[in-house]
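Trainee: In our numbering, the protein residues as written are 2 to 302.
A virtual CB, placed ideally from N, CA and C, is assigned to each residue, including glycine.
To start, I am sharing the structure in question, which I have written as structure tokens.
Here it is in structure tokens:
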């Protein structure tokens, strides 16, 4: 899909590492104001595509257009937020010191981002870690910090490579809710993931990568199907919640809740979390996205 409302456009873009391909002959647009997922196995070309979007790599041929402008190598762009797959922070900084430093680097006064950081601190439950050094923080806590910094300067576009690494199920729920909130404010979001079960039903648009090529670009409503999911909680579901869950096409048996309509999963999770119930896992009973991807691969084999 190539049109004027694309936030990113690949125009005949290829990237070679010597004789090894990174991305081959990519012609696709990523729509503005949407959550777009880059889907594929490790090594399929997703990270190379992300690095070209960010300007860290120059295409061997073709070009990348970002927000209407050619993406020159290492061009500084304050309207883009970025979360790399591997995070590296100054380990002796506290979490709060890191954000103060990043605000200055991005040309902002701390008070300009303070309100956002306070809300993000509560959402991602970082209150107890705010004054701790990054060296003492767990991988999951560092990942939360990485997510927050990608959005703190109110960017037009945010690019995230495997953003849910190290996050537990309840935090992943908060993360995707946070993304939807940001999208509703006009932010375009690009996520790379090899976890099809996790990303299913979370994006508006999908790019399917295989063997360094994009097999297909598809809107979420093109995938078809309506698979259910089940939620594993840390305790038996109280009987007082059963009528409310039933209104959302959800049934509970001990600590297992089955949701037959995927579009209602976030509403069910909200009820459980507000009731103080910890979410241990969220599992699809059948992955429509995975089936779709495997069929694409079979068709091209």
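1) Am I right that residue 224 and residue 124 are in contact with their C-beta atoms under 8 Å? What's the rounded C-beta distance?
2) With 16 other CB atoms within 10 Å as the buried threshold, where does residue 220 fall?
3) Taking the alpha-carbon of residue 24 as reference, which of 260, 142 and 215 has the nearest alpha-carbon?
4) Could you tell me if residue 284 is buried or exposed, where buried requires 16 or more neighbouring beta carbons within 10 angstroms of its beta carbon?
5) Could you tell me the alpha carbon to alpha carbon distance between residue 63 and residue 15, rounded to whole angstroms?
6) Fully enclosed by the region 215-296, which beta strand (DSSP E) runs are 3 residues long or longer?
7) Mind checking whether residue 234 and residue 274 have CB atoms under 8 Å apart?
8) Just how far apart, CA to CA, sit residue 230 and residue 192?
9) With a 10 Å radius around its C-beta and 16 neighbouring C-beta atoms as the bar for buried, classify residue 40 as buried or exposed.
10) Report the residue ranges of all alpha helix (DSSP H) runs contained in full by the region 85-164; include only those spanning at least 4 residues, in chain order.
11) Indicate whether at least one CB of chain C lies closer than 8 Å to the CB of residue 103.
12) Suppose the cutoff is 6 Å on Cβ atoms and the five residues either side in sequence are ignored; what does the same chain contact list for residue 66 look like?
13) Find the nearest neighbour of residue 204 within the set 136, 114, 179 and 211, judged by alpha-carbon distance.
14) Is it the case that the Cβ atoms of residue 151 and residue 161 are separated by a distance below 8 Å?
15) Starting from residue 170, trace the alpha helix (DSSP H) in both directions and tell me its first and last residue.
16) Which ranges would you report for the beta strand (DSSP E) in the region 30-89 if only whole runs of at least 3 residues count?
17) Can you name, in chain order, every residue of its own chain whose Cβ lies under 8 Å from the Cβ of residue 272, other than the five neighbours on each side?
18) Where does residue 12 fall in DSSP's three states?
19) Please report how far the alpha carbon of residue 94 lies from the alpha carbon of residue 140, in whole angstroms.
20) Do the region 102-116 and the region 192-202 make contact, defined as three or more Cβ pairs closer than 8 Å?
21) Among the candidates 54, 237, 157 and 187, whose CA atom is the shortest distance from the CA of residue 281?
22) Which value, in whole angstroms, describes the spacing of the CA atoms of residue 266 and residue 276?
23) Report yes if the C-beta distance between residue 1 and residue 182 is below 8 Å; otherwise report no.
24) Does the region 89-105 come into contact with the region 124-136, if we say contact requires no fewer than three beta-carbon pairs (one atom in each stretch) closer than 8 Å?
25) Are there 16 or more other CB atoms within 10 angstroms of the CB of residue 137, so buried, or fewer, so exposed?
Mentor: According to the structure data:
1) Position 223 of the chain shown, counting from 1, holds the residue named residue 224. Position 123 of the chain shown, counting from 1, holds the residue named residue 124. The Cβ separation is near 29 Å, so there is no contact.
2) On the chain shown, position 219 is the one that residue 220 refers to. Within 10 angstroms of the beta-carbon of residue 220 lie fewer than 16 other beta-carbons, which makes it exposed.
3) As a first step, residue 24 is located in the chain shown; it is residue number 23 there, counting from the start. Comparing Cα-Cα distances from residue 24 to each of 260, 142 and 215, the minimum goes to 215.
4) Start at 1 with the first residue of the chain shown, and residue 284 comes out as number 283. So residue 284 ends up on the exposed side.
5) If you number the chain shown from 1, residue 63 lands on position 62. If you number the chain shown from 1, residue 15 lands on position 14. Cα-Cα distance, rounded: 6 Å.
6) DSSP runs (the beta strand (DSSP E)) wholly in the region 215-296: 230-234, 251-254, 257-260 and 280-285.
7) Residue 234 sits at position 233 when you count from the first residue of the chain shown. Residue 274 sits at position 273 when you count from the first residue of the chain shown. Going by C-beta atoms, residue 234 is not nearer than 8 Å to residue 274.
8) Against the chain shown, residue 230 aligns to sequence position 229. Against the chain shown, residue 192 aligns to sequence position 191. Whole-angstrom Cα-Cα distance: 22 Å.
9) The residue you call residue 40 lines up with position 39 of the chain shown. Flag for residue 40 reads buried.
10) Taking 4 residues as the shortest admissible run, the region 85-164 contains the following complete alpha helix (DSSP H) segments, listed from N- to C-terminal end: 96-106, 111-124 and 140-152.
11) Given the protein chain composition of this structure (a single chain), no chain C is represented.
12) Walking along the chain shown from the start, residue 66 turns up at place 65. Counting only Cβ-Cβ distances below 6 Å, and skipping sequence neighbours, we find 10.
13) The residue you call residue 204 lines up with position 203 of the chain shown. Considering only alpha carbons, the answer is 179.
14) The residue labelled residue 151 in the question sits at position 150 within the chain shown. The residue labelled residue 161 in the question sits at position 160 within the chain shown. Yes; because the gap between Cβ atoms is below 8 Å, this pair is in contact.
15) Position 169 of the chain shown, counted from the first residue, corresponds to residue 170. Its alpha helix (DSSP H) spans residues 170-185.
16) Here the runs fully enclosed are 36-40, 62-67 and 81-84.
17) By one-based count along the chain shown, residue 272 stands at place 271. Excluding positions up to five away in sequence, the list reads 242, 245, 246 and 249.
18) Within the chain shown, residue 12 is the residue found at index 11, counting from 1. In this structure, residue 12 counts as strand in the three-state DSSP scheme.
19) Here residue 94 refers to the residue found at position 93 of the chain shown. Here residue 140 refers to the residue found at position 139 of the chain shown. Each residue's CA atom was taken as its position, placing residue 94 and residue 140 some 15 Å apart.
20) Look at the beta carbons and you see the region 102-116 not touching the region 192-202: under three pairs across the two are nearer than 8 Å.
21) Taking the first residue of the chain shown as position 1, residue 281 is located at position 280. Among 54, 237, 157 and 187, the Cα nearest to that of residue 281 is on 237.
22) As a working note, residue 266 is residue 265 in the chain shown. As a working note, residue 276 is residue 275 in the chain shown. So the alpha carbons of these two residues sit roughly 16 Å apart.
23) An answer regarding residue 1 cannot be provided, because it is not within the stretch 2 to 302 covered by the chain.
24) The answer is yes - the region 124-136 touches the region 89-105, with three or more Cβ pairs under 8 Å.
25) Indexing the chain shown from 1 puts residue 137 at position 136. It counts as exposed.
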